[in-house]
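**Student:** In the numbering used here, the protein residues as written are 15 to 204.
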């Protein structure tokens with residue numbers, strides 16, 4: 015990633031977006047709790063998943079809910095208030111919309127504006143292999159992502175300023191690497 019990105023403010027924050035996928039949802043919440051400061055963007059579908067998995071959002075965060083068509087809070091990307099966007103977990107629906115430039119929800123608007131402002135994004139895509147085991151509210155279940163889902167994940171991985179990770183371990187590593195870049199004052203890659 016080259017230093018072509020928009021400069022962020024010294025008090026810039028993590029922007030973390032939750033979608034309606036249950037795939038490593040609980041683990042994503044645990045990782046959010048390790049970061050500071052974080053603004054959390056919660057899709058309508060993520061609100062449903064929170065209830066299904068009986069989870070609470072981490073305390074002490076600024077939380078934006080998907081309540082308006084224009085997604086007003088995403089204007090904060092233009093003000094340099096975010097140094098990194100993380101979308102985790104990212105549902106197949108969100109990944110597809112991001113790939114095709116559809117910004118019609120809070121999360122997809124975050125991704126679009128982060129890209130326009132050259133804010134690095136880390137996306138934990140849920141559909142990454144032809145056969146997977148995921149944790150449903152009542153326990154593990156096998157899932158078989160469609161070819162189009164796998165293709166969209168691959169396409170998203172080629173976007174500038176976007177890193178796609180395929181496991182919770184890879185997400186943890188990418189977040190740690192970004193923290194190290196920020197601590198060293200290094201620019202993000204494109």
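Note that the Cβ used here is the ideal one computed from N, Cα and C, for glycine as well.
Please read these numbers as outputs of a predicted model, since none were measured by experiment.
When the Cα of residue 167 is compared with those of 150, 94 and 110, which residue comes out closest?
**Tutor:** Closest in C-alpha terms to residue 167, from the list 150, 94 and 110, comes 110.
**Student:** Looking at C-beta atoms only, is the number of pairs between the segment 123 to 133 and the segment 167 to 180 that lie closer than 8 Å three or more?
**Tutor:** The segment 123 to 133 makes contact with the segment 167 to 180, as at least three CB pairs between them are under 8 Å.
**Student:** Mind pulling the beta strand (DSSP E) runs of 3 or more residues that sit fully within the segment 112 to 162?
**Tutor:** 135 to 139, 146 to 150 and 153 to 157
**Student:** Once you ignore the five residues that flank residue 188 on each side, which residues in its own chain have a CB closer than 7 Å to its CB?
**Tutor:** 136, 177 and 179
**Student:** Does residue 103 pass the burial test, meaning 16 or more other C-beta atoms within 10 Å, or should it be called exposed?
**Tutor:** buried
**Student:** Alpha helix (DSSP H) containing residue 97: first to last residue?
**Tutor:** It is not in any alpha helix (DSSP H) - residue 97 instead sits in the beta strand (DSSP E) that spans 96 to 104.
**Student:** Determine the direct distance from the alpha carbon of residue 153 to that of residue 16, and round the result to whole angstroms.
**Tutor:** The predicted position of residue 16 is uncertain, since its pLDDT is 39 and thus under 50; a value taken from the coordinates is nonetheless stated next. The straight-line gap from Cα to Cα measures roughly 42 Å.
**Student:** What are the boundary residues of the alpha helix (DSSP H) that residue 79 is part of?
**Tutor:** First-last for residue 79: 76 to 79, but that is the beta strand (DSSP E), not the alpha helix (DSSP H).
**Student:** Just to confirm before moving on: does the CB-CB distance between residue 169 and residue 94 stay below 8 Å?
**Tutor:** No, they are not a contact pair.
**Student:** Which residue or residues does DSSP assign as beta-bridge partners of residue 56?
**Tutor:** 32 and 79
**Student:** For the candidate residues 151, 157, 138 and 139, whose alpha-carbon lies nearest to that of residue 145?
**Tutor:** Cα-wise, what sits closest to residue 145 is 157.
**Student:** For residue 6, which option in 159, 72 and 57 has the closest C-alpha, if you only look at C-alpha atoms?
**Tutor:** Residue 6 lies beyond the range of the chain shown here (15 to 204); nothing can be said about it.
**Student:** First and last residue of the beta strand (DSSP E) that includes residue 177?
**Tutor:** 176 to 179
**Student:** Rank 149, 148, 141 and 150 by C-alpha distance to the C-alpha of residue 9 and give the top, closest one.
**Tutor:** A query on residue 9 cannot be resolved here, the shown segment of the chain reaching from 15 to 204 and no further.
**Student:** Quick check: the Cα distance between residue 40 and residue 55, rounded to an integer number of angstroms?
**Tutor:** 16 Å
**Student:** Could you give the first and the last residue of the continuous alpha helix (DSSP H) run that contains residue 187?
**Tutor:** Note, residue 187: alpha helix (DSSP H), 182 to 198.
**Student:** For residue 172, which of helix, strand or coil comes out of DSSP?
**Tutor:** coil
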